[in-house]
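Trainee:
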Amino acid sequence: MVSPIVDQIAEENTEKLNVVKVNTDENLETASKYGITSIPALYVFKDGEVAKTIIGARPKPALEDELSDFI
1 MVSPIVDQIA EENTEKLNVV KVNTDENLET ASKYGITSIP ALYVFKDGEV
51 AKTIIGARPK PALEDELSDF I
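If you number the sequence shown the way full-length UniProt numbering does, the last residue is 71 and the count never jumps.
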């Protein structure tokens, strides 16, 4: 599962990163707005805009590498 890994990264980077989780089954409008068709889907926002999209599970080192520009 990606959620525990994302939680760990968030805890290690509290001053640089805010994590918001959305249940796409309960929030169909949000899923549609961002074109989410696969989960897990991670969207990184910077200044209110999507700066990076990560689709699919990754081990922690790979996810940290993908997020390195933001953390």
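All residues carry an ideal CB built from backbone N, CA and C; glycine is no exception.
1) Could you check whether valine 20 and threonine 30 sit closer than 7 angstroms to each other, using their CB atoms as the reference points?
2) On the DSSP letters alone, give me the boundaries of the alpha helix (DSSP H) that valine 6 sits inside.
3) Using 7 angstroms as the threshold, is the C-beta distance between residue 83 and threonine 24 below it?
4) I need the boundaries of the beta strand (DSSP E) containing lysine 46, first residue and last residue.
5) Going by alpha carbons, who is nearest to asparagine 18 out of Gln8, Pro40 and Pro59?
6) Would a C-beta distance cut-off of 7 angstroms place isoleucine 55 and serine 38 closer than the cut-off?
7) Measuring only the C-alpha atoms, how far is glutamate 11 from phenylalanine 45?
Mentor: In this structure, then:
1) no
2) 3-12
3) This structure does not reach residue 83, given that the chain is present from 1 up to 71, and the question cannot be answered.
4) From DSSP, the beta strand (DSSP E) with lysine 46 extends over 41-46.
5) Comparing Cα-Cα distances from asparagine 18 to each of Gln8, Pro40 and Pro59, the minimum goes to Gln8.
6) Contact: yes.
7) 18 angstroms
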